[in-house]
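**Student:** Before we start, here is the structure in question, set down as C-alpha cells.
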Amino acid sequence: SAVISQKPSRDICQRGTSLTIQCQVDSQVTMMFWYRQQPGQSLTLIATANQGSEATYESGFVIDKFPISRPNLTFSTLTVSNMSPEDSSIYLCSASGGGIYEQYFGPGTRLTVT
Amino acid sequence: QKEVEQDPGPLSVPEGAIVSLNCTYSNSAFQYFMWYRQYSRKGPELLMYTYSSGNKEDGRFTAQVDKSSKYISLFIRDSQPSDSATYLCAMSGRGNQFYFGTGTSLTVIP
C-alpha cells in the first residue's frame with residue numbers, strides 16, 4: 175500500500191482567494207486523483223492528475239477553477255481558485271500504483287471559506 | 178438514478194454483534210467492488226476488494242457480491258468499538274473511475 179500525506183490538513187480562507195493543497199506519496203504511483211467530500215455526500219472525483227501532462231477533469235470541474243499539477247510520480251497539487259463559501263469541503267488526494275482496486279487516500283484537507 | 182446507493186444509517190449495535198452493510202448499484206459494467214472504512218477526520222482506508230461475484234473473507238470481515246441482484250454486502254463479525262466509523266462502498270468498471278456510496282455511519286457500543 176502507499177502512504178499519502180497532504181498539506182495543509184485544514185485551512186480557513188477568505189472569499190476570492192486561492193489555496194494550493196499538496197499531496198505527497200511515499201512511493202512512485204501510476205495514477206493520482208483529487209476528490210471532494212461534502213457532508214452526507216459521496217466522494218466526488220474532481221480530476222485525474224496525469225504526470226507530465228494536463229489533468230483530466232470530470233464533468234462540472236474546470237481547470238481555471240481547480241488547476242492541478244503533477245511534476246513527478248510522487249507529488250501533485252490542487253489549487254482551489256477564487257474561492258467561495260460553496261467550495262468549503264474536504265479535499266482528498268488518492269493514488270493507485272497497481273490494480274484498479276488499489277486506490278489509497280490521504281488524510282484530506284478540510285477547507286472552510288468565509 | 179444514482180450509480181451507487183448506500184443507506185447512510187446511522188447504525189448502532191452492541192459490541193459483539195454481527196453487522197451487515199449493503200450497497201446497490203445500477204451499472205452492470207462494474208467488476209471491482211471495494212469497501213473503505215473512514216474514521217472521523219481521516220481519509221478512507223481500503224478494507225477489502227472483490228472482483229466480480231462471490232465472497233471474500235479477511236478476519237472478522239466478509240465481503241459478498243451478487244452481480245445478478247446488483248447488490249454487495251460487508252459483514253463484520255464480533256464487532257468492536259474500534260469498528261465505529263463510516264463505511265463506504267466503491268465500484269469500478271474497466272476505467273479508473275471509482276463510484277462511491279454516500280457511506281454508512283456505524284457505532285459499536287461497548
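Residue numbers (our numbering), protein chains in the order written: chain H, 175 to 288; chain C, 178 to 287.
No residue lacks a Cβ here, since even glycine has one placed at the ideal position from N, Cα and C.
None of the values given here were measured: they were computed from a predicted structure.
Could you name the residues of the stretch 211-241 of chain C whose beta carbon sits closer than 9 Å to any beta carbon of chain H, in the order they occur along the chain?
**Tutor:** For the stretch 211-241 of chain C, which is checked against every Cβ of chain H, the residues closer than 9 Å are MET211, TYR213, GLN215, ARG218, LYS219, GLY220, PRO221, GLU222, LEU223, TYR226, THR227, TYR228.
**Student:** In chain C, which residues lie with their C-beta within 9 Å of the C-beta of THR190 (chain H)?
**Tutor:** Per the sequence shown, residue 190 (chain H) should be read as Gly rather than Thr. The premise fails here: GLY190 (chain H) is roughly 27 Å from chain C at the closest Cβ pair, so nothing lies under 9 Å.
**Student:** To the nearest angstrom, report how far apart CYS197 (chain H) and GLY236 (chain C) are at their CA atoms.
**Tutor:** Going by the C-alpha atoms only, they are around 32 Å apart.
**Student:** What does GLY280 (chain H) reach in chain C if we use C-beta pairs closer than 9 Å?
**Tutor:** Residues of chain C passing the Cβ test: GLY220.
**Student:** For the structure I just gave you, are there three or more beta carbon pairs, one from the stretch 197-205 of chain C and one from the stretch 253-270 of chain C, closer than 8 Å?
**Tutor:** The stretch 197-205 of chain C vs the stretch 253-270 of chain C: in contact.
**Student:** With a Cβ-Cβ cutoff of 8 Å, do GLN274 (chain C) and LEU219 (chain H) count as a contact?
**Tutor:** Result yes, Cβ atoms of GLN274 (chain C) and LEU219 (chain H) sit closer than 8 Å.
**Student:** Where DSSP assigns a beta bridge to TYR275 (chain H), which residues make up the other side?
**Tutor:** Beta-bridge pairing links TYR275 (chain H) to no other residue.
**Student:** In chain order, what residues of the stretch 206-227 of chain H put their CB closer than 9 Å to some CB of chain C?
**Tutor:** Result list: PHE207, TYR209, GLN211, GLY214, GLN215, SER216, LEU217, THR218, LEU219, THR222.
**Student:** With which residues is TYR226 (chain C) paired in a DSSP beta bridge?
**Tutor:** For TYR226 (chain C), which the question treats as bridged, DSSP gives the partners C:MET211.
**Student:** Tell me which residues share the same chain as GLN225 (chain H) and place their Cβ nearer than 7 Å to its Cβ, disregarding the 5 neighbours each side in the sequence.
**Tutor:** Counting only Cβ-Cβ distances below 7 Å, and skipping sequence neighbours, we find ARG244, ASN246, LEU247.
**Student:** Kindly indicate if chain H contains any beta-carbon less than 8 Å away from that of THR279 (chain C).
**Tutor:** Output row for THR279 (chain C): interface = yes.
**Student:** Based on DSSP bridge pairs, tell me the residues matched to PHE207 (chain H).
**Tutor:** Beta-bridge pairing links PHE207 (chain H) to H:THR222, H:SER268.
**Student:** In angstroms, rounded to a whole number, what distance separates the CA positions of SER205 (chain C) and GLN183 (chain C)?
**Tutor:** Distance between the alpha carbons of SER205 (chain C) and GLN183 (chain C): 17 Å.
**Student:** Anything in the stretch 246-279 of chain C with a Cβ closer than 7 Å to a Cβ of chain H? List those residues in chain order, please.
**Tutor:** Within the stretch 246-279 of chain C, the residues whose Cβ lies closer than 7 Å to some Cβ of chain H are SER269, ASN273, GLN274, PHE275, PHE277, GLY278, THR279, listed in chain order.
**Student:** For TYR209 (chain H) and ILE286 (chain C), I'd like the C-alpha separation in whole angstroms.
**Tutor:** C-alpha separation (whole angstroms): 31 Å.
**Student:** Is the beta carbon of SER192 (chain H) sitting closer than 8 Å to the one on MET257 (chain H)?
**Tutor:** Result yes, Cβ atoms of SER192 (chain H) and MET257 (chain H) sit closer than 8 Å.
**Student:** Counting only Cβ pairs nearer than 8 Å, list the residues of chain H close to PRO185 (chain C).
**Tutor:** Per Cβ cutoff of 8 Å: GLY214.
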